[in-house]
Structure formats: C-alpha cells, structure tokens
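In this note's numbering, the protein residues as written are 2 to 456. Notes follow the structure.
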C-alpha cells in the first residue's frame, strides 16, 4: 500500500474536554499562588517560579543564575547535599531545579501523605541554602566541562550563535543560560550569594500547586512556612533593544562536517501582543507540523533533510521567528534557497483548506497539554511569565476557531520578513562558502565560535 504524505488525513469526530480550573490567591508575604484540583491520584505537585533568569546575570558574569540554581540544593538547612538528596529519595519525592533566560523553577512532586515532610525540605532549599565553597567549586567545574562538551555540538553552536547575532552582545538574551567559558572563570561564590539575596524573595515569586489537597490547608501550610521570607519587590519587566535585523549570513566553521546546521529568522512581536493566535495558526501551516509547507518541500520533495521546523520563540521580554534544520553539506545553499522561497510564498496567503486543517489540529492537540501534573503546572507558569489573562485557557480554542483567513494572511505579511532574515550556518566553511555566491543574500561573515562572545 502506497503512503501518500502529501495528502492530509481526514478529520474525525470532535472529542469533549474539560479544562482544569485554577484558583488564584495572594499570600500575606506578597507571593501569588495558583491551585488546581486533580484528585485522580494521591499526588501533589508544587512549583515555585522565581523571576530570576539569566537575563539578570551581572555583566561579564554570564552563568550566575544557572550556577545559583545548581548550588541552592547542595546543602540546605540541617542537611548537606547528600543528606538532602537522601531525604527526598526516602520520601519518594521528585525534586528539580531548572533555570532559563527568564526564571528559576523549583518543583516538588510527592505522594500526598508525604507532602508535609517533603515541603519542609523544599523550604530549606529556598530559605536556608548553605552556598558552601567546596560545593560551589564542584558545580562550577561541572559547568565548565559541559560548556567544553557543547563546543562539539553543531546544533547547540548554531542555536547559540544565532541568538547572539540576532540580539546583539548588549542584549541579555544573547548569551547562553549556562554561561560562556570566559565568564564562568570569573564567577565567585559571592556572586551567587548576592544573586540569591537580590532575587529569591516572596514578592518576586509565584507558586503553582496541582493535585489532591484542600486549598485552605495548603494555603495555611505555605503561609506558615514562608511567613518570614524576605518579601523584597517584584523585579520589573525589562525594556530591551536588540539588533535591527538586516539580511546577513554567518558561517561558523565546523571543519570536515558532512552536515550543515541551518538557523534562519528575524525579530518578532512578543507573546503577550495581539497577533499570537494568528501567528500560531500561520506557523503550524508553514513549519509547525509534519505536513507543513517547509517539511513537504525540503523533506518530501527534495530530500534535503529528515525534518525541518519553524517557530515563534517567546521570551518574556523579547521574541523572534526562526527556521531550523540540518542538511547534507552539498545541499546547504539549495536548502536555504527553498526555505526563503517558502517564506515568500506564505506571504501571498494560505488556503481555506490549510486554515481548516490547522484549526482542527490545534483543537485536537489542546487537551493533550493538560494531561499530567507537570503539563498543568507548566501551562500556568507560562500564563504567569507572559502576563496572560486569567481566562486565557478558557478562551483559547474560541480565539483559535474564530480566526479568519484574512487575519492569518495579514499576520503572514507582517510577521514573516525574508528580506530581513539572519542566516547562521554551522558546518564546513570552505564547502559552504563555495555555494553561497549563488544566493545573493548580502554579506557573508565567517566566524570562529570560540571567538564569538569576545568580539
């Protein structure tokens, strides 16, 4: 039987879905807390979202936020690092800390019967971190080792170089969350302590709780444990000015590589601006699913790649549009040309069939985003970070289904700008440069990844 990937499958009967409802409270210490009842299992997941991402790293100390997150549970309260880990394990608790460009997230998931004991451990981590010098030096070495490993990862090199050239070196989103070799060397434990004191405050924190609990009891528990937490002030949103994009190609040399990592894109409007739903539909059609225009062209028609995707990337204070793929070196220029061709084509408009299929696809996927405790917490966290309305999820599908084709076409014309596309290619410089003259895309700049951040 022949498989025809160029034909979309027929849509079936719509399924009914009940969206989890959240309640929002304000604690006396200034934190806001969102609660969601999920009673099918005796589990509680609680997440602390602290407005303390790498965009707040001190100048020339990129990586402080990430290292603070790594060290904060390396001994807290009455426990050293190993004892603390053993206590969490004994309770069957899943505890994690993650830092990104905008926030630091501390998450705890545990059986309801063990919540009180596990929550006490979490409070030690947040309120009473040791910041021991030996622990700091060990975690610092881990970061340095990881940075060296990433220098051999073409996809990481392409991503980080793209964001650096897109935003410009004065922009906080231009640098990797993990930091860079030169900055990590300069970080001392005092930098972590100062960062912690400046950002780990109750007014700078939002809390999300999902699971099997009584709201009043949970609120009382959180109030009692964190009543004396330094409340400080919520750190305000930054007004950022990045590079104004103009078409330019950067080639990051990866000698003798048989593949080229391609990143192509430009600045875009932020997540909380008015055209999000139109752009979401637009991107799904262009490069956001397997049957997208980009994938049908570069994978199915030309065989240049195993997969290609486009997306609008949203930080709290900035955003950009990008296309990402990996192709064999000899097809680099041809692939870039086809990407630009598709970007220009979609500015001419989409079809009614594409719009109908995109809406159906989004509608069917939407319930899958709220199946697990982590998914529910993550979606509410996104609402908090991007300052979305409290009824955002309730109105989500209505907003999607009410979008008209003219609105998507308008978004395509305004939001996809091929003539301003920044192109970053990571691969064999000599073989790539031989192909680029045929594209006529403006300046081609060869760069050494080791030297990018020192320019």
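Cβ atoms here follow ideal geometry from the backbone N, Cα and C, with glycine treated the same way.
Report back the beta-carbon spacing between residue 52 and residue 203 to the nearest angstrom; my notes put them in contact at under 8 Å. Here residue 52 corresponds to residue number 51 of the chain shown, with the count starting at 1. Here residue 203 corresponds to residue number 202 of the chain shown, with the count starting at 1. Their Cβ separation, rounded to whole angstroms, is 11 Å, which puts residue 52 and residue 203 out of contact at 8 Å.
Using the Cβ count rule (16 or more neighbours within 10 Å means buried), how would you classify residue 357? Along the chain shown, one-based indexing puts residue 357 at 356. Classification for residue 357: exposed.
Using C-beta distances below 6 Å, list every residue in its chain close to residue 159, excluding the 5 sequence neighbours before and after it, in chain order. Sequence index remark: in the chain shown, residue 159 carries index 158 (1-based). Closer than 6 Å at the Cβ level, and outside the excluded window around residue 159, lie 262, 264, 425, 427.
| said: For the alpha helix (DSSP H) containing residue 432, name the first residue and the last one. | reply: For the purposes of this step, residue 432 is taken as the residue at position 431 of the chain shown. It spans 430-437 - the alpha helix (DSSP H) in which residue 432 sits, taken as one unbroken run.
* Ignore the nearest five residues each way along the sequence and tell me which others in residue 334's own chain have a CB closer than 7 Å to its CB. => As a first step, residue 334 must be located in the chain shown, where it is residue number 333. Excluding residues within five positions, the ones whose Cβ falls inside 7 Å are 436, 437, 439, 440.
Between the Cα of residue 127 and those of 201, 118, 88, spot the shortest distance and give me the residue it belongs to.
Start at 1 with the first residue of the chain shown, and residue 127 comes out as number 126. Among 201, 118, 88, the Cα nearest to that of residue 127 belongs to 201.
- Message: Using a Cβ-Cβ cutoff of less than 8 Å, which residues in the same chain neighbour residue 452 once the five nearest sequence positions on both sides are dropped?
- Response: As a first step, residue 452 is located in the chain shown; it is residue number 451 there, counting from the start. Same-chain partners within the cutoff: there are none.
Through-space distance from residue 115 to residue 121, alpha-carbon basis | As a position in the chain shown, residue 121 is number 120, starting the count at 1. As a position in the chain shown, residue 115 is number 114, starting the count at 1. If you take the alpha carbons of residue 121 and residue 115, they lie about 10 Å apart.
Counting along the chain, where does the beta strand (DSSP E) carrying residue 365 start and finish?
The count along the chain shown starts at 1 and reaches residue 365 at position 364. First-last for residue 365: 353-366, but that is the alpha helix (DSSP H), not the beta strand (DSSP E).
First through last residue of the beta strand (DSSP E) which encompasses residue 264 = In the chain shown, residue 264 corresponds to position 263, counting from 1. Start and end: 260-268.
Q) Quick one: what does DSSP say residue 36 is sitting in, helix, strand or coil? A) Start at 1 with the first residue of the chain shown, and residue 36 comes out as number 35. In this structure, residue 36 counts as strand in the three-state DSSP scheme.
Look at residue 92 and residue 119 and say whether their C-beta atoms are less than 9 Å apart. Taking the chain shown and counting its residues from 1, one reaches residue 92 at position 91. Taking the chain shown and counting its residues from 1, one reaches residue 119 at position 118. Result yes, Cβ atoms of residue 92 and residue 119 sit closer than 9 Å.
Next on the checklist: At the level of alpha carbons, what is the spacing between residue 429 and residue 449?
Outcome noted: Along the chain shown, one-based indexing puts residue 429 at 428. Along the chain shown, one-based indexing puts residue 449 at 448. Approximately 12 Å between the Cα atoms of the pair.
* Identify whether residue 235 lies in helix, strand or coil by the three-state DSSP scheme. => Numbered from 1 along the chain shown, position 234 holds the residue referred to as residue 235. The answer is coil: DSSP assigns residue 235 none of H, G, I, E or B.
Q) Within this structure, are the beta carbons of residue 280 and residue 416 separated by less than 9 Å? A) Position 279 of the chain shown, counted from the start, is the residue given in the question as residue 280. Position 415 of the chain shown, counted from the start, is the residue given in the question as residue 416. It is a contact, given that the beta carbons lie within the stated cut-off.
Boundaries (first-last residue) of the alpha helix (DSSP H) holding residue 416 = For the purposes of this step, residue 416 is identified with residue 415 of the chain shown, where counting begins at 1. Its alpha helix (DSSP H) spans residues 406-416.
Next item on the list: Starting from the Cα of residue 277, find the closest Cα among 287, 210, 397, 386 and give me that residue.
Entry: Numbered from 1 along the chain shown, position 276 holds the residue referred to as residue 277. Out of 287, 210, 397, 386, 397 has the C-alpha closest to the C-alpha of residue 277.
* Could you give the residue range of the beta strand (DSSP E) that holds residue 97? -> Taking the first residue of the chain shown as 1, we reach residue 97 at position 96. Per DSSP, residue 97 belongs to the beta strand (DSSP E) from 95-100.
**OP:** For residue 70, name the three-state secondary structure that DSSP assigns.
**Re:** Along the chain shown, one-based indexing puts residue 70 at 69. Of the three classes helix, strand and coil, the one that applies to residue 70 here is helix, per DSSP.
For residue 486, which residues from the same chain have a beta carbon less than 7 Å from its beta carbon, with the 5 sequence-adjacent residues on both sides left out? Any question about residue 486 goes unanswered here, given that the chain covers just 2 to 456.
| request: Check the DSSP bridge columns for residue 312 and list the partner residues they point to. | output: Residue mapping note: residue 312 aligns to position 311 of the chain shown, counting from 1. In the DSSP output, where bridge partners are listed per residue, residue 312 has 323.
Taking only the alpha-carbon atoms, compute the straight-line gap between residue 165 and residue 176 and give it to the nearest angstrom. Locating residue 165 in the chain shown gives position 164, where the first residue counts as 1. Locating residue 176 in the chain shown gives position 175, where the first residue counts as 1. Distance between the alpha carbons of residue 165 and residue 176: 6 Å.
Tell me the residue span of the alpha helix (DSSP H) that contains residue 254. By 1-based counting over the chain shown, the position of residue 254 is 253. Careful: residue 254 lies outside any alpha helix (DSSP H), inside the beta strand (DSSP E) at 249-254.
Q. Around the C-beta of residue 40, are 16 or more other C-beta atoms found within 10 angstroms, so that it is buried, or is it exposed?
A. Counted from its first residue, the chain shown places residue 40 at position 39. By the 10 Å Cβ count, residue 40 comes out exposed.
For this session: Could you tell me the distance, in whole angstroms, from the CA atom of residue 225 to the CA atom of residue 124?
Result: For the purposes of this step, residue 225 is taken as residue 224 along the chain shown, with counting starting at 1. For the purposes of this step, residue 124 is taken as residue 123 along the chain shown, with counting starting at 1. So the two alpha carbons sit approximately 11 Å from each other.
I'd like the list of long-range same chain contacts for residue 67, defined as Cβ closer than 8 Å, with 5 residues on each side in sequence excluded. Counting from one through the chain shown, the residue named residue 67 turns up at place 66. Excluding residues within five positions, the ones whose Cβ falls inside 8 Å are 55, 100, 144, 178, 179, 180.
Rounded to whole angstroms, how far is the Cβ of residue 305 from the Cβ of residue 314, which I believe are closer than 8 Å? The residue given as residue 305 occupies position 304 in the chain shown. The residue given as residue 314 occupies position 313 in the chain shown. In fact, because the Cβ distance is near 23 Å, the residues do not count as touching under 8 Å.
If I'm right that residue 233 touches residue 205 with Cβ under 8 Å, what's the distance once you round it to whole angstroms? To locate residue 233, count along the chain shown from 1; it is residue 232. To locate residue 205, count along the chain shown from 1; it is residue 204. The Cβ separation is near 6 Å, so the contact holds.
- Message: Please classify residue 291 as buried or exposed, where buried requires at least 16 neighbouring CB atoms within 10 angstroms.
- Response: As a working note, residue 291 is residue 290 in the chain shown. Exposed, by the Cβ-count rule.
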